[in-house]
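Below is one structure, written out as structure tokens; the observations come after it.
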Amino acid sequence: MNNSKEMYFYENIDLDKILSKFKNYEGAISNFCKGNNIS
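The numbering of the sequence shown is the working numbering, which starts it at 65 and goes up by one.
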């Protein structure tokens, strides 16, 4: 295996954390829009 460094990199990306951050961000935006009556 020549690309063990790449494998290590990919294994250490926590997709669940990234997705939950994105969902929280999305929720915050929609709440902000609702609060300001922007639809």
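Ideal Cβ positions, reconstructed from N, Cα and C, are used throughout, including at glycine.
In angstroms, rounded to a whole number, what distance separates the CA positions of residue i and residue j?
i	j	result
residue 85	residue 99	21 angstroms
residue 93	residue 82	17 angstroms
residue 97	residue 77	31 angstroms
Output needed for residue i: all residues of its chain with C-beta closer than 8 angstroms, excluding positions within five of it in sequence on either side, in chain order.
i	result
residue 80	none
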